[in-house]
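This report concerns only the one structure given below.
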Amino acid sequence: MSIVIKNLCKSYKKNLVLDNLNLEVKEGTLFGLLGPNGAGKTTLLSILNFLIPKDSGTIEIAGKSLDTNQKEIKSICSIVPQSYAFYPKLTAYENLEFFASLYGLKNEALKKRINYCVEVCSLEKYINKQAHSFSGGLKRRLNIAIGLLNKPKILYLDEPTVGIDPQSRKYILEVIKEINKKEKTTIIYTSHYMEEVEYLCDEIAILDNSKIIFQENKEQIKNSEFGYKNLEEMFLSLTKQDLRD
77 MSIVIKNLCK SYKKNLVLDN LNLEVKEGTL FGLLGPNGAG KTTLLSILNF
127 LIPKDSGTIE IAGKSLDTNQ KEIKSICSIV PQSYAFYPKL TAYENLEFFA
177 SLYGLKNEAL KKRINYCVEV CSLEKYINKQ AHSFSGGLKR RLNIAIGLLN
227 KPKILYLDEP TVGIDPQSRK YILEVIKEIN KKEKTTIIYT SHYMEEVEYL
277 CDEIAILDNS KIIFQENKEQ IKNSEFGYKN LEEMFLSLTK QDLRD
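With my numbering applied, the sequence shown has no gaps in its numbers, which climb one by one up to 321 at the end.
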């Protein structure tokens, strides 16, 4: 499912967060969205998921307007937020059961989908334990499992590996690659870790000062005459090296 964004604007009071932003993500792409703190990445994902309204501009998902096809678009999209999106006093299974029921899943269909999500995220040993007892890596995996319940055609991942150990990070990256490859899911992946985006993503865009300042296929970046040694060097050059709030 493709995503086409044209002239998207969003302000908070007098602070312009997104300024005539234009972006296109092709169907099936594992798309890396980079940007300094405060660049507007989370705001963009929030608009795409109907969590906050846009001020102006157009967004089409699978050729359908975000303004007039909310129910249909919601049914094919899912977001895994940076914050934990589950109930800590419920077990992993109870969380999955609750969120699956919100998508209208029942009986065998519910059990089958939960079992799939548990298997993909390797939660079998922890399924009957309360979520608050989980390590950071397990919490991230439960977050992702919940995000997969509705078989999304488009999956938004907002810094899904922040604050976890290297082993958990590596596992989550492999899960994301598998979802993209086997399910043909279009994925928008935001991260501060350049090596993650370089490893995972087919295409990369940089959001800074409220606009997309760079977008290119990863292989073209590697093989072109941009002259950068790696993605981090390019990122720092394009966004400058000043500290951000």
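Positions of the beta carbon are idealized from the N, C-alpha and C atoms, including for glycine. Keep in mind it's a predicted model, so treat the numbers as computed, not measured.
Looking at the backbone, the Cα of Leu166 and that of Ile222 are separated by about 13 Å. In this structure Thr237 is in contact with Ile248, their Cβ atoms being roughly 5 Å apart against a cut-off of 8 Å.
By the Cβ neighbour-count rule, Pro242 is exposed, with fewer than 16 other Cβ atoms within 10 Å of its own.
Sorting Lys182, Tyr192, Arg245 and Lys227 by C-alpha distance to the C-alpha of Ser211 places Arg245 at the top.
Within the same chain, Cβ atoms closer than 7 Å to the Cβ of Ala115 are found at Leu283 and Asp284, the five residues on either side in sequence being excluded. Judged by their CB atoms, Leu276 and Leu106 are nearer to each other than the 8 Å cut-off. For secondary structure counted as the alpha helix (DSSP H) over 4 or more consecutive residues, the region 94-150 holds these complete runs in sequence order: 117-124.
Every alpha helix (DSSP H) stretch that sits fully inside the region 141-198 and reaches 4 residues is listed by chain position as 146-152, 168-178 and 183-196. Around the beta carbon of Ser286, a 10 Å sphere encloses 16 or more other beta carbons of the protein chains shown; the residue is thus reported as buried.
Annotation for Glu250: the continuous alpha helix (DSSP H) segment containing it runs Pro242 to Glu259.
Leu120 sits away from Leu92, with the two beta carbons spaced by 8 Å or more. Distance from Ser151 to Asn226 at the Cβ level is roughly 7 Å; contact confirmed, criterion being Cβ atoms closer than 8 Å.
Taking C-beta separations shorter than 7 Å and ignoring five residues to either side along the sequence, the partners of Leu199 in its chain run Ala168, Arg217, Leu218 and Ala221, following chain order.
Sequence-distant Cβ neighbours of Thr134 in its own chain, meaning closer than 6 Å and more than five residues away, are Lys82. Residue pairing by DSSP places Leu283 opposite Ile288 in a beta bridge.
Around the beta carbon of Lys188, fewer than 16 other beta carbons lie within 10 angstroms, which makes this residue exposed.
Look at Thr266 here: in three-state DSSP terms it is strand.
Here DSSP, grouped into helix, strand and coil, assigns Lys86 to strand. Annotation for Leu233: the continuous beta strand (DSSP E) segment containing it runs Ile230 to Asp234. Residue Asn293 holds the alpha-carbon nearest to the alpha-carbon of Val101 among Glu308, Ser313, Asn293 and Ile297. The beta carbons of Ala176 and Ile190 sit closer together than 8 Å. CA-CA distance, Phe311 to Asn183, rounds to 48 Å. Around the CB of Glu103, fewer than 16 other CB atoms lie within 10 Å, so the residue is classed as exposed.
Contact annotation: Tyr304 and Leu109 have beta-carbon atoms that are not nearer than 8 Å. At least 8 Å separates the beta-carbon of Ile203 from that of Val196. Boundaries of the alpha helix (DSSP H) around Ser313: Leu307 to Thr315.
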